[in-house]
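S.K.: Structure incoming, see below.
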Amino acid sequence: MGDPAANVVRFAKAIEEEQPLLLRGIRELSVPSLPHAESGLHRIIREWGMALPIDIYLFNKGILFAPMCLPSRILEFYLCKKPHILFGGFDRNHFALDAFLQSFWEGYRYEDADHQVFQVHGNRLHRCFPICIYADEGRGLRKAPIQVVALETLWGLKTFSACEKLAKARGWNSQTFWEASDHTGRGSSLTSRLLLYVLPHGAYKKKQKHFWYDTFGAPVQDLAKLFTSGITDRNGETWFPILIGVKGDAPALNKIGNFTRSFLRIIGNKGVCHLCMAGTPGHMWEDMRSSASWHGTICQERPWTDRNPSCVLPIPFSLQEPEKVFRSDCMHLVKLGVARHFIASCVVALGDWDIFNGSAQSMASLLELSHSDFVWCCKHEIRQTPHLKLFSKEGFHWPRRTSYPWGGWKAADSLMLARWLLLVLRQGAVKPDGTGRSGVTYLSDPEKGHIFRAMEDACCSILRFFQIIHKNGLLAQAAADSVQLFCQSYTFLAREFSKLAKFLFHLEPALHMFRHVGLRIETILRTGAPAVISPAAYLTDLSEDFIGVCSRISRRVAARTCGHRTLQRMLIRYHLEFEKLGL
414 MGDPAANVVR FAKAIEEEQP LLLRGIRELS VPSLPHAESG LHRIIREWGM ALPIDIYLFN
474 KGILFAPMCL PSRILEFYLC KKPHILFGGF DRNHFALDAF LQSFWEGYRY EDADHQVFQV
534 HGNRLHRCFP ICIYADEGRG LRKAPIQVVA LETLWGLKTF SACEKLAKAR GWNSQTFWEA
594 SDHTGRGSSL TSRLLLYVLP HGAYKKKQKH FWYDTFGAPV QDLAKLFTSG ITDRNGETWF
654 PILIGVKGDA PALNKIGNFT RSFLRIIGNK GVCHLCMAGT PGHMWEDMRS SASWHGTICQ
714 ERPWTDRNPS CVLPIPFSLQ EPEKVFRSDC MHLVKLGVAR HFIASCVVAL GDWDIFNGSA
774 QSMASLLELS HSDFVWCCKH EIRQTPHLKL FSKEGFHWPR RTSYPWGGWK AADSLMLARW
834 LLLVLRQGAV KPDGTGRSGV TYLSDPEKGH IFRAMEDACC SILRFFQIIH KNGLLAQAAA
894 DSVQLFCQSY TFLAREFSKL AKFLFHLEPA LHMFRHVGLR IETILRTGAP AVISPAAYLT
954 DLSEDFIGVC SRISRRVAAR TCGHRTLQRM LIRYHLEFEK LGL
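Numbers given in the numbering used here equal positions in the sequence shown, counted from 1, plus 413.
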């Protein structure tokens, strides 16, 4: 297919030669030379107003360079041109915006009372808006990783319309603002994820790995300055972006935080959690009880060293508990984490007990028959199509009976599989003739009923947790009970199957981190907080979609100019998305 930019220029030149001065746009497109076709086209596209007018800054360190859009330039553009992106649909001049922002910070005070925003901007909280940093790796050219870093807004675009609807009955007050606040896990990822840069793996691999930290430090320093200097709009008002969270999967957070305690340190007694001392001597991270000893160690000791501190430490956050800025993502912790261990272990346990008629004969028959039951359930009961096409030893990472199984399916399949297991436990397996379920309720089994009931509790708690956080906007008071029930059910199952000498329900550090999600909600509610920011605010489901958009574009540009061209094309992509949505 060749260079698409060069093809456009060739086509324009051919039209101009055949019919000169036919259209002014054609004449302009025919001017760039073929070797510099893409540079010329991007200049023309920007002149025509078909790309966001955000300047690209070239960060360099020695001979290495990284094109990026600095947070100050990005936020200035959105604040002046598209403020509804930053404020959940509110216009910058709307009469209720000040009260909306003020009510958010008054509620947030219950969670992070020592956040520096309250000391520095206590008298102008109505001019402060929250942001998050998101980082993850995508797949670039030749399947090499690319680092994508972006800013994320907190409120979904439907927040304003929901506020208007509630305000008709209740008025514009704090309760209206909190109940109407929507998270950014719905809609287009481009309306809440603001790209900073894309860094190809070649720029930070092997001996050049320090460049990853140098590049990440550039937007961090810019955000640190904005905390005090702010951004001035056309009316002369100064607004302040305030960091409230860093999002990403566990490897990304570990890299940004330079953690000395993380899931990578599970072997030994160095600690597995950046929030507490779990995993160190005297503090078992597997303990999910309300009286676990690690509860008293939360945020007592920094998870990094003074010599190698967190990358985001320059941005003002909390002086007493700076590690809280690293937020837990329940998609990776649960759907792609402990839920895959739980579901795979349940399938193997049920198959071993011949729940699926004939499944106890061999590993192959267990996987085949249980999958047939799942397929029937998806077709006739759940009425959804899973990505998962079969159960296999490879897919379960289960080469032998002495291995702990865990699934390799996509995040969306985890909840479908949990719904299926619930039906099997309550109504039995599908009949051999496929006319329906057997109607056997295993929950009342005299020998194994306690195990089946624990499986049921775990399935229900997962489904209820995600139902709560997805359907209740930014409010999540009821989610804590589901977290505790799942964690306690899982550890109970691990203990019971250990007694049976079966390699099932492997205890994972993700389970401990998930317990922290519920513990955070419980702790805030005990302070009398009117509302709690939902774990949905820190989900990365839609962020993964954003990573996919950036990755696909990066694979369609030259490797030498990957970072620059990806940014330029993303600015066009943003413009087209906003036009499509009428923003």
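Ideal Cβ positions, reconstructed from N, Cα and C, are used throughout, including at glycine.
Check each candidate in V945, G684, C689, V421 and name the one with the smallest Cα separation from S452.
M.R.: V421
S.K.: Just to confirm the assignment, what range does the beta strand (DSSP E) spanning R969 have?
M.R.: For R969, no beta strand (DSSP E) segment is defined, and its DSSP state is neither H nor E.
S.K.: Output needed for V685: all residues of its chain with C-beta closer than 8 Å, excluding positions within five of it in sequence on either side, in chain order.
M.R.: R674, S675, F676, R678, I679, A691, G692, W698, P922, H925
S.K.: What are the start and end residues of the alpha helix (DSSP H) that includes Y547?
M.R.: That residue, Y547, is in no alpha helix (DSSP H); its beta strand (DSSP E) goes 541-552.
S.K.: Kindly list the residues whose CB is nearer than 8 Å to the CB of G847, restricted to its own chain and excluding five residues on each side of it in sequence; keep chain order.
M.R.: For G847, where only same-chain residues beyond five positions count, the Cβ hits under 8 Å are W789.
S.K.: Is L479 helix, strand or coil by DSSP?
M.R.: A small fix is needed here, since residue 479 is Ala in this sequence, not Leu. Three-state DSSP puts A479 in a strand.
S.K.: Hey, would you say S778 sits closer than 8 Å to S772, going by beta carbons?
M.R.: yes
S.K.: Suppose you measure from the CA of I910 to the CA of R740; what does that come to, to the nearest Å?
M.R.: According to the sequence provided, residue 910 is Phe. The question's Ile does not apply to it. Approximately 32 Å, taken between the alpha carbons.
S.K.: May I ask you to list the residues that DSSP assigns as paired with S731?
M.R.: H528
S.K.: Quick check on DSSP: helix, strand or coil for G658?
M.R.: strand
S.K.: Alpha carbon to alpha carbon, how far is K660 from H745?
M.R.: 11 Å
S.K.: Should R908 go down as buried or exposed, given a rule of 16 or more other Cβ atoms within 10 Å for buried?
M.R.: Per the 10 Å Cβ criterion, exposed.
S.K.: For the alpha helix (DSSP H) that Y470 lies in, which residues bound it at each end?
M.R.: That residue, Y470, is in no alpha helix (DSSP H); its beta strand (DSSP E) goes 470-474.
S.K.: Mind reading off the beta-carbon distance from F730 to H528? Whole number of angstroms is fine, and I expect it under 8 Å.
M.R.: Rounded, the Cβ-Cβ distance is 6 Å, consistent with contact.
S.K.: Over the uninterrupted alpha helix (DSSP H) stretch that includes A593, give me the two end residues.
M.R.: 587-593
S.K.: Exposed or buried, which one is D468 when buried takes at least 16 other CB atoms within 10 Å?
M.R.: exposed
S.K.: Within a Cβ cutoff of 6 Å, which residues of the same chain sit near S956, ignoring the five residues on either side of it in sequence?
M.R.: Y547
S.K.: Under a Cβ-count criterion, where at least 16 other Cβ atoms within 10 Å of its own Cβ denotes burial, should E565 be classed as buried or exposed?
M.R.: buried
S.K.: Which residues in the same chain as G502 place their Cβ atom closer than 7 Å to its Cβ, once the five residues preceding and following it in sequence are excluded?
M.R.: L570, K571, T572, F573, S574
S.K.: Using CA coordinates, which residue listed in P735, Q432, V633, A972 is at the minimum distance from K556?
M.R.: A972
S.K.: Nearest by alpha-carbon distance to L828: which of K915, V747, P480, M983 is it?
M.R.: The option with the nearest alpha carbon to L828 is V747.
S.K.: I'd like to check one pair, L898 with D858: are the Cβ atoms closer than 8 Å?
M.R.: no
S.K.: For A777, name the three-state secondary structure that DSSP assigns.
M.R.: helix
S.K.: Residue range of the alpha helix (DSSP H) that Y903 falls in?
M.R.: For Y903, the uninterrupted alpha helix (DSSP H) run begins and ends at 892-912, by DSSP.
S.K.: With DSSP run on the structure shown, which of helix, strand or coil describes R877?
M.R.: helix
S.K.: Beta-carbon within less than 8 Å of C1064's beta-carbon, same chain only, minus the 5 sequence neighbours each way: which residues are those?
M.R.: The question about residue 1064 has no answer here: the residues shown for the chain are numbered 414 through 996.
S.K.: So, at 7 Å on beta carbons, what are the nonlocal neighbours of L477 in its own chain, with the 5 sequence-adjacent residues on each side left out?
M.R.: A616, Q621, F624
S.K.: Pick from L442, A831, L780: whose alpha carbon is nearest that of G808?
M.R.: When the alpha-carbon of G808 is set against those of L442, A831, L780, the nearest one is in L780.
S.K.: Assuming the contact rule is C-beta atoms closer than 8 Å, C541 and L514 should be a hit. Round their C-beta distance to whole Å, please.
M.R.: So it is a contact: roughly 7 Å between Cβ atoms.
S.K.: Can you list, in chain order, the residues of its chain whose CB lies under 6 Å from that of S706, leaving out five sequence neighbours each side?
M.R.: H696
S.K.: Closest to D646 by C-alpha separation, out of Q840, H810, L492, I875, would be which residue?
M.R.: Cα-wise, what sits closest to D646 is L492.
S.K.: Just confirm the distance between the C-beta atoms of E990 and S601, as a whole number of angstroms; I'd bet it's less than 8 Å.
M.R.: 6 Å
S.K.: Using CA coordinates, which residue listed in P727, W585, Y470 is at the minimum distance from S516?
M.R.: Distance check between S516 and each of P727, W585, Y470 places W585 closest, using alpha-carbon atoms only.
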